[in-house]
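Right, one structure below, let's go through it.
Residue numbers (my numbering): 3 to 172.
See the structure below:
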């Protein structure tokens, strides 16, 4: 990992033109976890706000549409969901004991998230805060947001092989 810049995995995963990619946290992990757990000095992670904004500007200027959703749940909802994972044998696979340790520093994460949302909210890549205590509502909001973005893009179907039959190269 140290042989690369912190964004190298994100660079590799950016979808090529005409494709859609979905990231779960992605580059923002390097503003959250490293800060909350003091893994790198503030002098390093604090520069990443501008670096990520520059990266997202590069993407949008190259034709990529960036849609960032912050799926916000409150602390009580998180507690209930974690408890459900423990209580329901069918959900044991979702449970990670590390989540209980991370929950103890909820307030530190909230401060870090607030900075990420505030400092990385740009005209070219704005944040959408999605209330997510109720999953059906979260899904509705995100689905509508993505549908609207796709309608704005006015995508076209790719040419089929039959479409090429009528083309003549002279």
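Cβ atoms here follow ideal geometry from the backbone N, Cα and C, with glycine treated the same way.
Exposure of residue i, with buried meaning 16 or more beta-carbon neighbours within 10 Å
i           : result
residue 41  : exposed
residue 85  : exposed
residue 114 : buried
residue 112 : exposed
residue 33  : buried
residue 50  : buried
residue 82  : exposed
residue 159 : exposed
residue 47  : buried
residue 54  : buried
residue 27  : exposed
residue 37  : buried
Bridge partner(s) assigned by DSSP for residue i
i           : result
residue 133 : 74
Residue i to residue j span [Cα, whole Å]
i           : j           : result
residue 126 : residue 171 : 39 Å
residue 90  : residue 80  : 15 Å
residue 4   : residue 10  : 10 Å
residue 100 : residue 124 : 32 Å
residue 69  : residue 156 : 16 Å
residue 1   : residue 23  : No answer is possible for residue 1: the residues shown for the chain start at 3 and end at 172.
residue 25  : residue 12  : 9 Å
residue 109 : residue 164 : 58 Å
residue 75  : residue 134 : 5 Å
residue 102 : residue 29  : 23 Å
residue 116 : residue 63  : 26 Å
residue 20  : residue 65  : 10 Å
residue 96  : residue 88  : 9 Å
residue 107 : residue 98  : 16 Å
residue 137 : residue 7   : 35 Å
Segment limits, alpha helix (DSSP H) that includes residue i
i           : result
residue 68  : Premise fails: residue 68 is in no alpha helix (DSSP H) and is neither H nor E.
residue 11  : 10 to 15
residue 40  : Where residue 40 is concerned, there is no enclosing alpha helix (DSSP H), given that its DSSP letter is neither H nor E.
residue 62  : 50 to 63
residue 161 : Segment: none, residue 161 is in no alpha helix (DSSP H) and carries neither H nor E.
residue 96  : Here residue 96 belongs to no alpha helix (DSSP H), and DSSP marks it neither H nor E.
residue 7   : Segment: none, residue 7 is in no alpha helix (DSSP H) and carries neither H nor E.
residue 114 : 108 to 121
Contact set for residue i: own chain, Cβ-Cβ below 8 Å, skip 5 residues either direction
i           : result
residue 129 : 70, 71, 72, 119, 122 and 123
Cβ neighbours of residue i in the same chain (closer than 7 Å, five flanking residues each side left out)
i           : result
residue 151 : 67 and 69
residue 132 : 71, 72, 73, 74, 140, 143 and 144
Cutoff 8 Å: residue i Cβ touching any chain B Cβ
i         : result
residue 3 : Among the chains of the structure shown, chain B does not appear; only one protein chain is present.
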